[in-house]
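K.L.:
Quick note, the sequence shown lines up with residues 41 to 447 if you use my numbering.
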Amino acid sequence: MALIVQKYGGTSVGNAERIKNVARRVAQSQKNGDKVIVVVSAMSGETNRLIALAKEVATHPEPRELDVVVSTGEQVTIGLLCMALHDIGVKAKSYTGGQVRILTDSAHTKARILNIDEAPIRRDLDEGNVVVVAGFQGTDEHGNITTLGRGGSDTTAVAIAAALKADECQIYTDVDGVYTTDPRIVPEARKLDTITFEEMLELASLGSKVLQIRSVEFAGKYKVKLRVLSSFQDEGEGTLITVEENHTMEQPVISGIAFNRDEAKLTVLGVPDRPGVAYQILEPIADANIDVDMIIQNIGHDGATDFSFTVSRGDLDKAVKVLEANKAALGAKAIETDNTMAKVSIVGVGMRSHPGVASKMFRTLAEEGINIQMITTSEIKISVAIAEKYLELAVRVLHKAFGLEQG
Ligand code: ADP
Ligand code: ASP
Ligand code: MG
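#1: Pull up the distance between the alpha-carbon of S245 and that of H182, whole angstroms please.
#2: Between the C-alpha atoms of L269 and D233, what's the straight-line distance to the nearest angstrom?
#3: Along the chain, where does the alpha helix (DSSP H) that runs through F402 open and close?
#4: Could you pull out every residue in the same chain whose Cβ sits closer than 6 angstroms to the Cβ of Y135, ignoring the five residues on either side in sequence?
#5: Report whether the distance from the Cβ of K249 to the nearest heavy atom of the ligand MG is below 7 angstroms.
#6: So, is R505 buried or exposed, given that buried needs 16 or more other C-beta atoms within 10 angstroms?
#7: Among the candidates E96, N55 and R64, whose CA atom is the shortest distance from the CA of G85?
#8: Tell me V351's beta-bridge partners as DSSP assigns them.
#9: Between F371 and the rest of its own chain, which residues show a CB-CB distance below 7 angstroms, the 5 nearest in sequence each way excluded?
#10: Quick check on the DSSP output: the beta strand (DSSP E) that includes K358 runs from which residue to which?
#11: Closest to R301 by CA distance: which of V424, K265, Q177 and Q273 is it?
#12: Within 10 angstroms of its Cβ, does R436 collect 16 or more other Cβ (buried), or is it exposed?
#13: Flag this pair as yes or no: are the beta carbons of M381 and T350 separated by less than 8 angstroms?
#14: Taking one C-beta from the segment 145–157 and one from the segment 189–201 each time, how about it: are there three or more such pairs within less than 8 angstroms?
#15: T187 and V110: beta carbons closer than 8 angstroms?
#16: Considering only their Cβ atoms, is the gap separating A298 from V226 smaller than 8 angstroms?
#17: Report, in whole angstroms, the separation of the C-beta atoms of D378 and K305, which I expect to be a contact under 8 angstroms.
#18: At 3 residues or longer, what runs of the beta strand (DSSP E) sit wholly inside the segment 183–254?
#19: Would you check whether the ligand ASP has a heavy atom nearer than 7 angstroms to the C-beta of D107?
#20: Please go through the segment 62–99 and give each complete beta strand (DSSP E) segment of 3 or more residues, from N-terminal end onward.
#21: Using C-beta distances below 6 angstroms, list every residue in its chain close to M414, excluding the 5 sequence neighbours before and after it, in chain order.
#22: Can you tell me where the alpha helix (DSSP H) holding Q115 begins and where it ends?
#23: Which whole-angstrom value describes the C-beta separation of K131 and V170, a residue pair presumed to lie in contact below a C-beta threshold of 8 angstroms?
#24: Using the DSSP secondary-structure output, state which residues sit across from R267 in a beta bridge.
#25: Please report the straight-line C-alpha distance between E376 and I412, rounded to a whole angstrom.
#26: What is the residue span of the alpha helix (DSSP H) that E432 lies within?
#27: Return the CA-CA distance between E277 and D216, expressed in angstroms with no decimal places.
#28: Would you grab the beta carbon distance between A115 and V78 for me? Rounded to a whole angstrom, and I think it's under 8 angstroms.
#29: Got a sec: does the ligand ASP put a non-hydrogen atom nearer than 7 angstroms to the Cβ of F176?
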């Protein structure tokens, strides 16, 4: 008898019929002899609706209260799924994150899971129940409701699988696995049978929202067998996230392409070209809790230089305020911004042993007349910042250039 955690995302529980479909699937797994814990997201669109509602009543909703509001989406689905399971004769019990004691830190809207009390879940499973847990939420040590960041139900599922040492954590979604890139943008994208944790971590952190990055980190750390599958298909093995780097001769150099539209660029013009400038610019930005992504310092002319960096678009106004306050002290001439940037990244462990990947990427983009504004690299990825209007074109031509399309 296997212990399986199944997570169903927003689209998969998007209406009553789909919730009944999930109930049938869960019932089937139980009939096959498995013990099943189900983690569900809010119905599709619900979390967005709740966030928008909060912003209608307050310009900057207080994070603690925002969590109280947005966590309700998942509470609706756990109850509905249990009712649907009861309706077809399956014993099931629902739990919110707080009830099942998912303890998190107190970082509202982006909390981290610290501990899960497995005892109540085990007891219910042993009594023949399907246990249905609300994704995306927990409570901190003071009992405050917290949420785990967008896409956080994936992390709830993996954390429960880790805590209960489940045999497998299955992430059911609206695509049948992890693809070479988002199949909504490139219809020729190919489903991968396996992908390494390292690659999946990069793809997730660079914008592929098929798995929340923390869920991949968790699965890697606690050796959870993690698989992405479709909730709309009965057949198929989905994509298994693997530990080993099963390098074969046919292993492609690039495994996938990720992209992110959420980039804004700030340029500080005409700062004195002397040691400590980067530090002077970026320290107040860090102090304001703004994450900096890409950075470029141009070659100096006549003792002055331009310094650019990117932040997420939501942080742009805040970053400008910080720079303006600091402008005189920096001796900067002006500050320019551009909030129409995007980032495209190619990812693959095969890059380590194959030189020339970067030049191929740059040539491919140049041939389309796409200007590269910034570049960052690591051992297994190359990212470029480009104008957002070229994003889809860039992803498509790179996908083709690296031979990622269906064979
Ligand atoms: P859920 O609501 O089930 O959590 P998400 O919308 O969070 O689903 O994630 C699934 C979506 O991720 C897909 O519909 C797809 O558009 C997108 N996606 C982005 N990159 C990829 C990729 N490389 N492979 C598969 N899906 C991807
Ligand atoms: N409902 C939350 C969101 O939309 C969590 C999730 O779906 O994973 O981000
Ligand atoms: Mg998701």
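The beta carbon of each residue, even a glycine, is placed where N, CA and C say it ideally should be.
P.N.:
Inspection of the coordinates gives the following:
#1: To locate residue 245, count along the sequence shown from 1; it is residue 205. To locate residue 182, count along the sequence shown from 1; it is residue 142. Those two C-alpha atoms are separated by around 30 angstroms.
#2: On the sequence shown, position 229 is the one that residue 269 refers to. On the sequence shown, position 193 is the one that residue 233 refers to. Computed Cα separation, rounded: 11 angstroms.
#3: One-based indexing of the sequence shown puts residue 402 at position 362. Element bounds for F402: V397 to E407.
#4: In the sequence shown, counting from the first residue as 1, residue 135 sits at position 95. Answer for Y135: V173, listed in chain order.
#5: Sequence index remark: in the sequence shown, residue 249 carries index 209 (1-based). Yes - the ligand MG has a heavy atom lying nearer than 7 angstroms to the Cβ of K249.
#6: Since the first residue of the chain shown is 41 and the last is 447, residue 505 is not available in this structure.
#7: Position 45 of the sequence shown holds residue 85. Looking at the Cα atoms, N55 is the closest of the given residues.
#8: Here the question's residue 351 lines up with position 311 in the sequence shown. In the DSSP output, where bridge partners are listed per residue, V351 has A304.
#9: Residue mapping note: residue 371 aligns to position 331 of the sequence shown, counting from 1. The question names Phe, but residue 371 is Gly in the sequence shown. Correct list, in chain order: V311 and P312.
#10: Here residue 358 refers to the residue found at position 318 when the sequence shown is read from its first residue. Element bounds for K358: not the beta strand (DSSP E) but the alpha helix (DSSP H), L356 to L370.
#11: If you number the sequence shown from 1, residue 301 lands on position 261. Proximity to R301 across V424, K265, Q177 and Q273 peaks at V424, based on C-alpha coordinates.
#12: Counting from 1 along the sequence shown, the entry for residue 436 is found at position 396. Taking a 10 Å sphere around the C-beta of R436, we find 16 or more other C-beta atoms and assign the residue as buried.
#13: Within the sequence shown, numbered from 1, the residue matching residue 381 stands at position 341. Within the sequence shown, numbered from 1, the residue matching residue 350 stands at position 310. Against a cut-off of 8 angstroms, the Cβ pair of T350 and M381 comes out as a contact.
#14: Taking 8 angstroms as the limit for Cβ pairs, the verdict is that the segment 189–201 does touch the segment 145–157.
#15: Within the sequence shown, numbered from 1, the residue matching residue 187 stands at position 147. Within the sequence shown, numbered from 1, the residue matching residue 110 stands at position 70. Yes.
#16: In the sequence shown, counting from the first residue as 1, residue 226 sits at position 186. In the sequence shown, counting from the first residue as 1, residue 298 sits at position 258. No, these two residues do not count as a Cβ contact at 8 angstroms.
#17: Stepping through the sequence shown from its first residue, residue 378 is reached at position 338. Stepping through the sequence shown from its first residue, residue 305 is reached at position 265. Correct: roughly 5 angstroms between the Cβ atoms.
#18: List check, beta strand (DSSP E) in window: 185–187, 208–213 and 234–236.
#19: Within the sequence shown, residue 107 is the residue found at index 67, counting from 1. Flag unset: Cβ of D107 not near the ligand ASP.
#20: Listed in chain order, the complete beta strand (DSSP E) runs (minimum 3 residues) inside the segment 62–99 are 75–80.
#21: Residue mapping note: residue 414 aligns to position 374 of the sequence shown, counting from 1. Close CB contacts of M414 within its chain, under the 6 angstroms cut and outside five residues either way in sequence, are with M334, I336 and A425 (chain order).
#22: Stepping through the sequence shown from its first residue, residue 115 is reached at position 75. Element bounds for Q115: T112 to D127.
#23: By one-based count along the sequence shown, residue 131 stands at place 91. By one-based count along the sequence shown, residue 170 stands at place 130. Going by Cβ atoms, the distance from K131 to V170 rounds to 7 angstroms, so yes, they are a contact pair.
#24: The residue labelled residue 267 in the question sits at position 227 within the sequence shown. Its beta-bridge partners are Q210 and L280.
#25: Locating residue 376 in the sequence shown gives position 336, counting from the first residue. Locating residue 412 in the sequence shown gives position 372, counting from the first residue. Cα to Cα, E376 sits roughly 18 angstroms from I412.
#26: The sequence position of residue 432 within the sequence shown is 392, counting from 1. In this chain, the alpha helix (DSSP H) harbouring E432 covers L431 to A441.
#27: Within the sequence shown, the letter at position 237 stands for residue 277. Within the sequence shown, the letter at position 176 stands for residue 216. Approximately 8 angstroms between the Cα atoms of the pair.
#28: One-based indexing of the sequence shown puts residue 115 at position 75. One-based indexing of the sequence shown puts residue 78 at position 38. Per the sequence shown, the amino acid found at residue 115 is Gln instead of Ala. Between Q115 and V78 the beta-carbon gap is near 14 angstroms, outside 8 angstroms, which marks them as no contact.
#29: Counted from its first residue, the sequence shown places residue 176 at position 136. Within the cutoff, so yes.
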